[in-house]
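S.K.: Numbering (the working numbering), first residue to last: 29 to 300. Attaching a single structure in structure tokens format; questions to follow.
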Ligand code: HH2
């Protein structure tokens with residue numbers, strides 16, 4: 029299987045399809061499988077090279093859902109699109125990943141970086157799937173209470189380096205893995221922006237970087253609304269372009285067409 033950076037060359041846009049009632053910016057919009065399928069197809073038509081399907085919200089303050097509930101949400105969607113479109117499954121659970129991969133998903137996106145379910149790494153290795161390992165400080169219920177770092181870029185890099193070594197030792201080839209700083213997962217707005225500014229520290233790990241800044245609250249707060257729980261499309265696009273300029277490869281976004289257009293322009297400027 030080809031390396032993840034060859035399969036999804038930068039700047040690659042990953043469209044987000046949350047099949048949840050409670051996601052922070054699009055909760056409830058895609059709970060109906062037909063609506064989720066239509067959105068996924070539109071995202072690919074608009075230029076997304078991946079659609080990230082998730083059945084569990086990880087927004088700040090959220091509780092988890094059971095395996096059965098998560099399967100009930102995502103399977104009807106995956107049955108329709110996973111053989112047809114390039115699908116990423118956003119899950120922390122081995123049983124959900126296994127079913128998604130059987131149905132044709134190509135990437136497992138685990139926001140716990142293989143810490144939640146000891147069986148998940150084996151599922152990824154056995155299926156020859158791609159893998160995204162994300163950094164999170166704490167757990168969604170409490171992660172935004174008081175995030176603290178001595179050096180956020182160095183600590184996130186050390187964590188991702190350790191999780192990368194773990195995944196490789198457990199049989200997932202390094203060239204199938206990408207890394208994600210986990211914007212908003214146990215981080216203040218200042219931490220999030222510093223991570224992008226110092227993305228070279230993460231790039232030194234030698235793996236492609238995926239970033240999901242889309243609509244996150246730091247964007248609304250930097251734009252002046254101190255109580256914001258989301259950011260605008262324009263703010264999201266600016267963040268994605270800045271991430272790409274600093275070296276990120278895959279941008280995880282809600283508003284695909286706007287990001288594809290902006291990133292095409294950024295690429296034309298950056299790449300002769
Ligand atoms: N962010 C969210 C969920 N999954 N996966 C990766 N790799 N990186 C991210 O930054 C990331 C992620 C949260 O955003 P969203 O899916 O829009 O909301 P919710 O978790 O509330 O469903």
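Just so it is clear, CB atoms sit at the ideal spot from N, CA and C, and this is done for glycine as well.
#1: With the ligand HH2 as the reference, list in chain order each residue whose Cβ lies under 6 Å from any of its heavy atoms.
#2: Out of 86, 85, 79, 121, which has the shortest C-alpha to C-alpha gap to residue 108?
#3: Under the rule that 16 or more other beta-carbon atoms within 10 Å means buried, what is residue 112, buried or exposed?
#4: Which residue comes first and which comes last in the beta strand (DSSP E) that contains residue 116?
#5: Quick check on DSSP: helix, strand or coil for residue 205?
#6: Beta carbon of residue 288, beta carbon of residue 74: below 8 Å?
#7: Considering only residues of the same chain and omitting the five flanking positions on each side of residue 156, which have a CB-CB separation below 7 Å?
#8: Please state if the CB of residue 256 and the CB of residue 222 are separated by a distance shorter than 8 Å.
#9: Which residue or residues does DSSP assign as beta-bridge partners of residue 360?
#10: Classify residue 214: buried if its beta carbon has 16 or more other beta carbons within 10 angstroms, exposed otherwise.
M.R.: So, from the data block:
#1: 44, 46, 48, 51, 52, 53, 82, 85, 86, 87, 118, 137, 139, 160, 162, 208, 210, 211, 238, 240, 280
#2: 79
#3: exposed
#4: From DSSP, the beta strand (DSSP E) with residue 116 extends over 115-118.
#5: The answer is strand: DSSP assigns residue 205 an E or B state.
#6: yes
#7: Only 29 meet the Cβ criterion.
#8: no
#9: Since the first and last residues shown for the chain are 29 and 300, residue 360 lies out of range.
#10: buried
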